[in-house]
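Some notes on the structure that comes next.
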Amino acid sequence: MNRVIVGAHYGLKDWLAQRITAVVMLAYTIVFLLALGRGPVTHASWKALFAQEWMRLATFLFVASVLIHAWIGVRNIWMDYIKHTGLRLVLEVATVLWLVGCAGWAMQILWRI
Amino acid sequence: MPDLAAKKKRPLWYNLSPLNLPAPGLVSIFHRVSGALLFLGLIWFLFLLDMSLASEAGFARFRAYVGNPLVKLSMLVLLWAFLHHLCAGVRHLFLDIEVGVELKAARRSAIAVFAVSLALTALIGARLW
């Protein structure tokens, strides 16, 4: 296949998405640690933390960021090491399905509270 | 004119063994390894979150589960993976805006990534243990 790989915007979106999602996850990590606070965590306080609407929304953004970030990262690993096109396609599709499934489960856990 | 055809035939020998990589190269390969580990650990995090949030009994089961030494060790590995990935990522963002791209600064920040992530892993690990 003869594809131009240095054309305008080729890969730029992914490059940018990787950085934006990284910053979102970094911000969430700090917010999560601050919200968790000090002292022992009980089931009630743990549940109350995720029962807050803003925390759920923040966690949703975090999960969405993990989904995109992990997709780009894992796809890059497949692209680097798996030379067989068919096998790579299978692995990439499996990665997407796996990640979307994980994100769905995360949403289920959060909105069940 | 140098003979380009002859030049191209020269054997290339890149030693890419981790033991021969300079610090920034080590940060880079461990960034990939830790990212892959976190991807594999994703389902386990969800399993733990599900168990701990489900019910009072689930939370108690979660407590007992993470008390297992093997589970603790796995969590320690994933904690390191998270911290290394985070520190290396922050370093990467600075390199993107051309802060610390000089060789000396880049080597220093690479060593700092290892020092900070390993120290934080030890600190948090000691507190959780």
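Those protein sequence lines, which keep their order, are chains B and X.
The opening position of the first sequence corresponds to residue 57 in the numbering used here, with each subsequent residue numbered one higher.
The opening position of the second sequence corresponds to residue 1130 in the numbering used here, with each subsequent residue numbered one higher.
Just so it is clear, CB atoms sit at the ideal spot from N, CA and C, and this is done for glycine as well.
| query | result |
| --- | --- |
| Verify the CB distance criterion: does Leu1169 (chain X) have a CB-CB separation below 7 Å to chain B? | no |
| What does Ala1165 (chain X) reach in chain B if we use C-beta pairs closer than 9 Å? | Gly129, Val130, Ile133 |
| Assuming contact is defined by CB atoms lying nearer than 7 Å, are Leu1178 (chain X) and Ile76 (chain B) in contact in what I supplied? | no |
| Unbroken alpha helix (DSSP H) runs of length 4 or more, entirely within the region 107 to 139 of chain B: which are they? | 109 to 137 |
| With 16 other CB atoms within 10 Å as the buried threshold, where does Tyr1143 (chain X) fall? | exposed |
| When you measure from the CB of Val1206 (chain X) to every non-hydrogen atom of the ligand NAP, does any distance come out below 6 Å? | The ligand content of the structure shown is nil, which means the ligand NAP is not present either. |
| According to the neighbour-count rule (16 or more other Cβ atoms, all chains shown, within 10 Å of its Cβ), is His1160 (chain X) buried or exposed? | buried |
| At a Cβ threshold of 7 Å, is Tyr99 (chain B) touching chain X? | The amino acid at residue 99 (chain B) is misidentified as Tyr; the sequence shows His. With 7 Å as the cut-off, His99 (chain B) counts as an interface residue toward chain X. |
| My assumption, with CB atoms under 8 Å, is that Leu1199 (chain X) sits in contact with Phe106 (chain B). Please give the rounded CB distance. | About 27 Å; that fails the 8 Å criterion. |
| Pick helix, strand or coil for Ile165 (chain B), following the three-state DSSP scheme. | helix |
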